[in-house]
Amino acid sequence: QVLVASLIQSKENSQQPNKKRQSSRSKKREQQVLEERTTDNLRVLARNEIRHRGEIACAMAQGTWPVFQELLQRELHQIESARAARDAALVDDYEEEDVDGGGPVGGLISCSTACLPYMLRTASSGGDQGA
857 QVLVASLIQS KENSQQPNKK RQSSRSKKRE QQVLEERTTD NLRVLARNEI
907 RHRGEIACAM AQGTWPVFQE LLQRELHQIE SARAARDAAL VDDYEEEDVD
957 GGGPVGGLIS CSTACLPYML RTASSGGDQG A
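Here is the structure:
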C-alpha cells in the first residue's frame, strides 16, 4: 500500500498544470495493474529466495560431508564399544541404546531437512542444478 501510494503521489505531483486530471476509473485500473505487478514481483523474489536457500544448504552439506562421515563413524564405534562392554559384563537386561540427537546425528538430520525439499523440487521440475 505504501508503494502504491508513493508511486501514485509522485505521478500526480509530476503532472503538468495544463493537463487534465486522471479519472477515478483510470486511477483504479492503474492501481490494480501496479498491485498485480508488485505481487508478481514479490512471488518471483520469494521463489528465488527459496531456491537460493536450497542451493546454499546443499552446497554446505556437500562441503561438510567428509567431516560428517568421520564423526558418524566415530559415533557408531562408540555405540559398538558400549554394546561390547555391556555384553562382556554379562548384563542380562537388554536396553535399547540411546543415540544423542545432537552432534553428528543431529547435524545430518538438519542437513537432510534443509536439502531434501530443494532436491525434491528440482527433481520434480526436471532441473538438476548440481544438487
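Those letters in the sequence shown? Residues 857 to 987, by this note's numbering. Even glycine gets a Cβ: it sits at the ideal position worked out from N, Cα and C.
Presumed contact (8 Å Cβ cut-off) between residue i and residue j, rounded CB distance
{"i": "G959", "j": "E931", "result": "7 Å"}
{"i": "A902", "j": "A970", "result": "About 17 Å; that fails the 8 Å criterion."}
{"i": "G910", "j": "P973", "result": "7 Å"}
{"i": "A819", "j": "C967", "result": "In the structure displayed, the chain extends from 857 to 987; residue 819 sits before or after that span and is not available."}
Simplified DSSP assignment, three categories, for residue i
{"i": "G958", "result": "coil"}
{"i": "A945", "result": "coil"}
{"i": "S879", "result": "coil"}
{"i": "S981", "result": "coil"}
Residue i versus residue j - alpha carbon distance
{"i": "W921", "j": "D943", "result": "33 Å"}
{"i": "V900", "j": "A940", "result": "56 Å"}
{"i": "G963", "j": "E891", "result": "42 Å"}
{"i": "H908", "j": "R977", "result": "13 Å"}
{"i": "A945", "j": "Q934", "result": "16 Å"}
{"i": "R885", "j": "A979", "result": "40 Å"}
{"i": "M975", "j": "E905", "result": "15 Å"}
{"i": "T895", "j": "Q887", "result": "12 Å"}
{"i": "S880", "j": "V889", "result": "14 Å"}
{"i": "S981", "j": "F924", "result": "29 Å"}
{"i": "I965", "j": "L928", "result": "12 Å"}
{"i": "V961", "j": "A938", "result": "17 Å"}
{"i": "D898", "j": "E936", "result": "Sequence check: residue 898 is Leu here, not Asp. Taking the straight line from one Cα to the other gives about 52 Å."}
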